[in-house]
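Worksheet for the structure shown next.
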Amino acid sequence: MVIEKYLHRPVTLRAEGEDTATGRNLLPPVISRRAARRMTHLGTLIARVLDSQSVDRETSLIYGSTYAETRSLEDYVDSFPRPSPLLFQGSIHPSAIQQVFVSTKFPVGEFVPLTGDRHLVASMLNIAFRSAADRAVLVGGEERGTWLLDHGLASPEAWAWSLELNSARNGAAGVVRLNAETDETKEDPIGHSLFFRTLAERRPMTVPNPGGGSFSISWQ
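Going by the working numbering, the first residue of the sequence shown is number 6, and it counts up by one from there.
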(Lines of atoms letter the chains of each structure in order from A; the text may use other names.)
(Lines give C-alpha, C1' and ligand atoms only; values in the text may rest on other atoms or scores of the structure.)
Protein backbone atom coordinates (compact mmCIF):
# COMPACT_ATOMS: atom_id res chain seq x y z
CA MET A 6 0.00 0.00 0.00
CA VAL A 7 1.27 3.46 -0.94
CA ILE A 8 0.12 6.63 0.82
CA GLU A 9 1.20 10.02 -0.48
CA LYS A 10 1.28 13.68 0.49
CA TYR A 11 2.35 16.65 -1.58
CA LEU A 12 5.37 18.75 -0.69
CA HIS A 13 5.00 22.54 -0.76
CA ARG A 14 7.32 25.50 -0.10
CA PRO A 15 10.59 23.69 0.64
CA VAL A 16 12.96 26.21 2.21
CA THR A 17 16.63 25.67 3.05
CA LEU A 18 19.01 28.12 4.70
CA ARG A 19 22.77 27.79 5.05
CA ALA A 20 24.44 30.11 7.55
CA GLU A 21 28.13 29.55 6.84
CA GLY A 22 30.28 31.95 8.84
CA GLU A 23 27.22 33.62 10.34
CA ASP A 24 27.24 34.51 14.03
CA THR A 25 24.33 35.10 16.38
CA ALA A 26 24.40 38.89 15.99
CA THR A 27 24.21 38.61 12.20
CA GLY A 28 21.36 36.13 12.46
CA ARG A 29 19.42 38.54 14.67
CA ASN A 30 19.82 41.31 12.07
CA LEU A 31 18.29 39.05 9.41
CA LEU A 32 15.12 38.20 11.33
CA PRO A 33 11.71 38.91 9.76
CA PRO A 34 10.17 42.28 10.74
CA VAL A 35 7.46 40.60 12.83
CA ILE A 36 10.09 39.94 15.53
CA SER A 37 10.91 43.06 17.54
CA ARG A 38 14.48 44.17 18.18
CA ARG A 39 13.93 43.64 21.90
CA ALA A 40 12.81 40.04 21.37
CA ALA A 41 15.65 39.44 18.90
CA ARG A 42 18.26 40.29 21.54
CA ARG A 43 17.17 37.26 23.56
CA MET A 44 17.22 34.81 20.66
CA THR A 45 19.89 32.16 20.10
CA HIS A 46 21.45 31.57 16.70
CA LEU A 47 19.34 28.45 16.15
CA GLY A 48 16.27 30.44 17.16
CA THR A 49 17.01 33.03 14.46
CA LEU A 50 17.49 30.30 11.83
CA ILE A 51 14.19 28.61 12.71
CA ALA A 52 12.38 31.96 12.65
CA ARG A 53 13.69 32.73 9.17
CA VAL A 54 12.69 29.42 7.56
CA LEU A 55 9.30 29.40 9.31
CA ASP A 56 8.57 32.88 7.95
CA SER A 57 7.95 31.27 4.53
CA GLN A 58 5.29 28.90 5.87
CA SER A 59 1.63 29.38 6.69
CA VAL A 60 0.79 27.99 10.12
CA ASP A 61 -2.50 28.18 12.01
CA ARG A 62 -4.18 26.22 14.79
CA GLU A 63 -5.31 23.57 12.30
CA THR A 64 -1.72 22.85 11.26
CA SER A 65 0.42 20.08 12.69
CA LEU A 66 3.82 21.64 13.44
CA ILE A 67 6.69 19.16 13.73
CA TYR A 68 10.13 20.35 14.84
CA GLY A 69 13.34 18.32 14.82
CA SER A 70 17.00 18.84 15.69
CA THR A 71 19.88 16.49 16.44
CA TYR A 72 22.00 18.75 18.65
CA ALA A 73 19.48 21.51 19.39
CA GLU A 74 20.78 24.47 21.43
CA THR A 75 24.48 23.64 21.19
CA ARG A 76 25.87 27.11 21.81
CA SER A 77 23.62 27.81 24.78
CA LEU A 78 24.64 24.48 26.30
CA GLU A 79 28.32 25.27 25.75
CA ASP A 80 27.90 28.73 27.28
CA TYR A 81 25.98 27.27 30.22
CA VAL A 82 28.73 24.76 30.99
CA ASP A 83 31.35 27.49 30.58
CA SER A 84 29.48 29.65 33.13
CA PHE A 85 30.38 27.33 36.02
CA PRO A 86 31.14 27.72 38.92
CA ARG A 87 28.46 30.43 38.70
CA PRO A 88 25.96 28.74 36.36
CA SER A 89 23.55 31.02 34.53
CA PRO A 90 19.84 30.14 34.90
CA LEU A 91 19.11 32.07 31.69
CA LEU A 92 21.64 30.03 29.70
CA PHE A 93 20.27 26.83 31.23
CA GLN A 94 16.75 27.75 30.14
CA GLY A 95 17.96 28.52 26.62
CA SER A 96 19.82 25.24 26.33
CA ILE A 97 16.73 23.04 26.75
CA HIS A 98 15.18 21.55 23.59
CA PRO A 99 12.93 22.83 21.96
CA SER A 100 14.00 26.30 23.06
CA ALA A 101 14.76 27.51 19.50
CA ILE A 102 11.23 27.24 18.20
CA GLN A 103 9.73 28.34 21.52
CA GLN A 104 11.61 31.62 21.05
CA VAL A 105 9.69 32.06 17.80
CA PHE A 106 6.38 31.25 19.52
CA VAL A 107 6.97 33.89 22.18
CA SER A 108 8.37 36.55 19.84
CA THR A 109 5.59 36.32 17.24
CA LYS A 110 2.56 35.12 19.26
CA PHE A 111 2.71 32.13 16.93
CA PRO A 112 -0.57 30.17 16.57
CA VAL A 113 0.03 26.63 17.81
CA GLY A 114 -2.42 23.74 17.62
CA GLU A 115 -0.64 20.40 17.35
CA PHE A 116 3.07 20.76 18.12
CA VAL A 117 5.52 17.83 18.23
CA PRO A 118 9.21 18.47 19.06
CA LEU A 119 11.69 15.67 18.35
CA THR A 120 15.40 14.99 18.64
CA GLY A 121 17.59 12.28 17.18
CA ASP A 122 19.71 11.66 14.09
CA ARG A 123 19.53 8.38 12.18
CA HIS A 124 15.74 8.17 12.29
CA LEU A 125 14.85 11.79 13.08
CA VAL A 126 13.53 12.62 9.61
CA ALA A 127 11.62 9.33 9.35
CA SER A 128 10.00 10.04 12.72
CA MET A 129 8.98 13.53 11.59
CA LEU A 130 7.46 12.14 8.39
CA ASN A 131 5.68 9.41 10.35
CA ILE A 132 3.99 11.98 12.56
CA ALA A 133 2.98 14.08 9.55
CA PHE A 134 1.41 11.07 7.83
CA ARG A 135 -0.40 9.94 10.99
CA SER A 136 -1.68 13.36 12.02
CA ALA A 137 -5.39 14.08 11.72
CA ALA A 138 -4.49 17.54 10.38
CA ASP A 139 -4.58 17.94 6.59
CA ARG A 140 -1.58 20.28 6.70
CA ALA A 141 1.72 19.53 8.41
CA VAL A 142 4.65 21.94 8.55
CA LEU A 143 8.02 20.32 9.24
CA VAL A 144 10.95 22.43 10.40
CA GLY A 145 14.44 21.57 11.56
CA GLY A 146 17.91 22.97 12.01
CA GLU A 147 21.29 22.91 13.70
CA GLU A 148 23.68 25.56 14.94
CA ARG A 149 27.45 25.29 14.68
CA GLY A 150 29.19 24.15 17.84
CA THR A 151 32.64 25.01 19.18
CA TRP A 152 34.28 22.78 21.79
CA LEU A 153 31.44 20.24 21.71
CA LEU A 154 32.57 19.49 18.15
CA ASP A 155 35.68 17.85 19.59
CA HIS A 156 33.42 15.34 21.34
CA GLY A 157 31.17 14.64 18.34
CA LEU A 158 28.27 16.37 20.08
CA ALA A 159 27.65 19.32 17.77
CA SER A 160 27.09 20.20 14.14
CA PRO A 161 30.06 21.63 12.19
CA GLU A 162 27.68 23.88 10.23
CA ALA A 163 24.64 26.05 10.91
CA TRP A 164 21.55 25.53 8.78
CA ALA A 165 17.77 25.20 8.86
CA TRP A 166 14.92 24.01 6.66
CA SER A 167 11.15 23.88 6.47
CA LEU A 168 8.43 22.46 4.23
CA GLU A 169 4.72 21.76 4.18
CA LEU A 170 2.98 18.45 3.48
CA ASN A 171 -0.68 18.35 2.51
CA SER A 172 -3.14 16.70 0.12
CA ALA A 173 -3.14 19.48 -2.52
CA ARG A 174 -1.56 18.46 -5.83
CA ASN A 175 -1.78 21.95 -7.37
CA GLY A 176 1.37 23.99 -6.92
CA ALA A 177 3.29 21.18 -5.26
CA ALA A 178 7.07 21.13 -5.56
CA GLY A 179 7.22 17.39 -4.97
CA VAL A 180 5.53 14.35 -3.51
CA VAL A 181 6.32 12.17 -0.49
CA ARG A 182 5.15 8.57 -0.63
CA LEU A 183 5.00 6.03 2.17
CA ASN A 184 5.40 2.54 0.75
CA ALA A 185 4.60 0.11 3.54
CA GLU A 186 5.76 -2.91 1.55
CA THR A 187 9.40 -1.97 0.89
CA ASP A 188 12.18 -3.52 2.96
CA GLU A 189 13.70 -0.62 4.90
CA THR A 190 16.58 -2.77 6.10
CA LYS A 191 18.09 -2.57 2.60
CA GLU A 192 18.56 1.19 2.89
CA ASP A 193 20.85 3.19 5.17
CA PRO A 194 19.08 5.65 7.49
CA ILE A 195 18.97 9.30 6.41
CA GLY A 196 20.56 11.47 9.11
CA HIS A 197 19.52 15.07 9.65
CA SER A 198 22.49 16.69 7.87
CA LEU A 199 22.21 14.36 4.86
CA PHE A 200 18.50 15.10 4.60
CA PHE A 201 19.21 18.84 4.63
CA ARG A 202 21.82 18.60 1.87
CA THR A 203 19.58 16.43 -0.29
CA LEU A 204 16.61 18.74 0.25
CA ALA A 205 18.72 21.81 -0.61
CA GLU A 206 19.83 20.19 -3.87
CA ARG A 207 16.28 19.03 -4.69
CA ARG A 208 17.46 15.47 -5.22
CA PRO A 209 15.15 12.47 -4.86
CA MET A 210 15.70 10.39 -1.75
CA THR A 211 14.51 7.33 0.11
CA VAL A 212 14.05 7.58 3.87
CA PRO A 213 13.83 4.17 5.57
CA ASN A 214 10.99 3.97 8.08
CA PRO A 215 11.95 2.06 11.24
CA GLY A 216 8.26 1.29 11.72
CA GLY A 217 8.19 -0.56 8.39
CA GLY A 218 8.50 0.39 4.74
CA SER A 219 10.09 3.62 3.54
CA PHE A 220 9.34 7.16 2.47
CA SER A 221 10.33 8.30 -1.02
CA ILE A 222 10.66 11.97 -1.94
CA SER A 223 10.51 13.01 -5.59
CA TRP A 224 10.33 16.40 -7.27
CA GLN A 225 7.89 17.75 -9.85
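By construction, the Cβ of each residue, glycine as well, lies at the ideal position given by its N, Cα and C atoms.
For I8 and L183, I'd like the C-alpha separation in whole angstroms. Distance between the alpha carbons of I8 and L183 is about 5 Å.
Run of the alpha helix (DSSP H) containing S128, from where it starts to where it stops: From DSSP, the alpha helix (DSSP H) with S128 extends over L125 to R135.
Between which two residues does the alpha helix (DSSP H) harbouring N30 extend? Its alpha helix (DSSP H) spans residues T25 to N30.
Same chain, Cβ closer than 6 Å to G28, five either side skipped, listed in chain order: Within the same chain, G28 has close Cβ partners H46 and T49.
What residues match up with A165 in a beta bridge as DSSP calls it? Answer by DSSP bridge pairing, in chain order: L18 and G146.
Count the other CB atoms, across all protein chains shown, that sit within 10 Å of the CB of L91; report buried if there are 16 or more and exposed otherwise. Residue burial annotation: L91 is exposed, with fewer than 16 other C-beta atoms found within 10 angstroms of its C-beta.
What does V212 pair with, by DSSP beta-bridge criteria? As a beta-bridge residue in DSSP terms, V212 pairs with F220.
Taking only three categories from DSSP, how would you classify H98? Three-state DSSP puts H98 in coil, outside helix and strand.
Pull the bridge partners of T5 from the DSSP assignment, please. Residue 5 is absent from the model: the chain starts at 6 and stops at 225.
Boundaries (first-last residue) of the alpha helix (DSSP H) holding L35: The residue asked about is misnamed: residue 35 is Val in this sequence, not Leu. Counting along the chain, V35 falls outside any alpha helix (DSSP H), and DSSP gives it neither H nor E.
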